[in-house]
């Protein structure tokens, strides 16, 4: 097969012969890492940036503060008995 051609296999379509595209002629080629090594995506840098803790509130931003009790409330035993004591329709 000619070096300027390729065999394309796409799902739902029979394989076909096509001319190769020269990516250096694409208008956005300059954004690829092939054109400039500084465009290479660094996964480790991205993950570190995502894990960086951020403060929930800006330093000078006003906010409301609420205290939460440690023990959850238990339902009243009489209320449970009243629900169970109602006759079924």
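In the working numbering, the protein residues as written are 265 to 353. Just so it is clear, CB atoms sit at the ideal spot from N, CA and C, and this is done for glycine as well.
Self-check item: Beta-carbon contacts of residue 299 that lie in its chain and below 7 angstroms, excluding the five residues immediately before and after
Solution: 293
Practice problem: Leaving out five residues on either side along the sequence, give the residues of the same chain with a beta carbon under 8 angstroms from the beta carbon of residue 297. | Solution: 303, 304 and 305
Self-check item: Whether residue 284 touches residue 270 by CB criterion (8 angstroms)
Solution: yes
Quiz item: Starting from residue 283 and walking both ways along the beta strand (DSSP E), at which residues does that stretch end?
Solution: 280–283
Exercise. Measure the C-alpha to C-alpha separation of residue 287 and residue 307 and round it to an integer number of angstroms.
Key: 24 angstroms
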